[in-house]
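Trainee: My questions all concern the structure below.
Residue numbers (my numbering): -7 to 250.
This is the structure:
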């Protein structure tokens, strides 16, 4: 799908939780600095993003994200500690109830699930029953073969994004990952094909400089490309609504039609 004003449609999702074992008070303070800096950088460039947090109703970052000038979406970040293969159906139902219905009771519109790790065991009825309309799969490196599968697809009433591309947090332009990332970006803009990007803010909080110099450069470049109508940013929730409405408007066809 290309943007209505020309250029490739791009989604940016941000995994906004520290890794298990890194959840210290100092780590949380560093993550808060990363969050504030990213909100400012995205606002300066008019870039929309989808932010994944473990529990939107309890997230300390929620108000800062939603107060941004550019449109931002808050989503649930699915992590192994509550979404792993060992979780029973009843445990999963409780976790989804707590995160999605809890967010709605807090007055939030939350309909997107971001998966940090694979979770093939998820039941479709569980997702649809909690009003989920978009699911993003785990990120892959830009150099991975799976990164060639860039677009999303509507399946069973869900907008699903497989193999989104991880934005490299550091490295010189000639190194493998930064080079591969720029190639994916260049291909998307030249061919006007969708591109789904992922930023691991939890990893940024572990870096000495919080990864901010590199991210500032990347976000400025993306903003320039949006200004030049080479691409445009949409939240995953908006992409799901667009594809769901387009599908609903299409007339049904009989399987018996010639």
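C-beta: ideal position from N, C-alpha, C; glycine also.
So, using beta-carbon positions, are residue 193 and residue 55 closer together than 8 Å?
Mentor: Within the chain shown, the letter at position 201 stands for residue 193. Within the chain shown, the letter at position 63 stands for residue 55. No, the pair does not count as a contact, with Cβ atoms beyond the cut-off.
Trainee: Could you tell me if residue 122 is buried or exposed, where buried requires 16 or more neighbouring beta carbons within 10 angstroms of its beta carbon?
Mentor: Counting from one through the chain shown, the residue named residue 122 turns up at place 130. By the neighbour-count rule (16 or more Cβ atoms within 10 Å), residue 122 is buried.
Trainee: Can you tell me whether residue 188 is buried or exposed? The criterion is at least 16 other CB atoms within 10 Å of its CB, across all chains shown.
Mentor: Position 196 of the chain shown, counting from 1, holds the residue named residue 188. When all chains shown are included, residue 188 counts as buried.
Trainee: Does DSSP put residue 57 in a helix, in a strand, or in coil?
Mentor: What you label residue 57 is simply residue 65 of the chain shown in a count that begins at 1. Residue state, collapsed to three classes: helix.
Trainee: At the level of alpha carbons, what is the spacing between residue 168 and residue 86?
Mentor: On the chain shown, residue 168 is found 176 positions in, with the first residue counted as 1. On the chain shown, residue 86 is found 94 positions in, with the first residue counted as 1. Using only the alpha carbons, I get a separation of about 42 Å.
Trainee: Please name the residue in 197, 228, 237, 234 whose C-alpha comes closest to that of residue 19.
Mentor: As a working mapping, residue 19 is identified with position 27 in the chain shown. That would be 197, whose Cα lies nearest to the Cα of residue 19.
Trainee: Excluding the 5 residues preceding and the 5 following residue 222 in the sequence, name in chain order all residues of the same chain whose CB lies nearer than 6 Å to its CB.
Mentor: Taking the first residue of the chain shown as 1, we reach residue 222 at position 230. The residues are -1, 181.
Trainee: Under the DSSP definition of a beta bridge, which residues are partnered with residue 3?
Mentor: Locating residue 3 in the chain shown gives position 11, where the first residue counts as 1. In the DSSP output, where bridge partners are listed per residue, residue 3 has 188.
Trainee: Who pairs with residue 105 in a beta bridge, going by DSSP?
Mentor: Start at 1 with the first residue of the chain shown, and residue 105 comes out as number 113. Answer by DSSP bridge pairing, in chain order: 68, 127.
Trainee: CB residue 63 to CB residue 40, shorter than 8 Å?
Mentor: Position 71 of the chain shown, counting from 1, holds the residue named residue 63. Position 48 of the chain shown, counting from 1, holds the residue named residue 40. It is a contact, given that the beta carbons lie within the stated cut-off.
Trainee: Ignore the nearest five residues each way along the sequence and tell me which others in residue 83's own chain have a CB closer than 7 Å to its CB.
Mentor: Counting from 1 along the chain shown, the entry for residue 83 is found at position 91. Taken in chain order, the list of residues that qualify is empty.
Trainee: Per DSSP, what kind of secondary structure is residue 223 in: helix, strand or coil?
Mentor: The sequence position of residue 223 within the chain shown is 231, counting from 1. Here residue 223 sits in strand by DSSP.
Trainee: Leaving out five residues before and five after residue 90 in sequence, what residues of the same chain have Cβ atoms less than 8 Å from its Cβ?
Mentor: On the chain shown, position 98 is the one that residue 90 refers to. Cβ neighbours of residue 90 beyond the five flanking positions: 47.
Trainee: Ignore the nearest five residues each way along the sequence and tell me which others in residue -5's own chain have a CB closer than 6 Å to its CB.
Mentor: For the purposes of this step, residue -5 is taken as residue 3 along the chain shown, with counting starting at 1. Reliability fails at residue -5, whose pLDDT of 48 lies under 50, so the model's placement of it is uncertain and no value is given.
Trainee: Taking the beta carbon of residue 129 as the centre, do at least 16 other beta carbons fall within 10 Å, making it buried, or is it exposed?
Mentor: By one-based count along the chain shown, residue 129 stands at place 137. It is buried - the Cβ of residue 129 has at least 16 other Cβ atoms within 10 Å.
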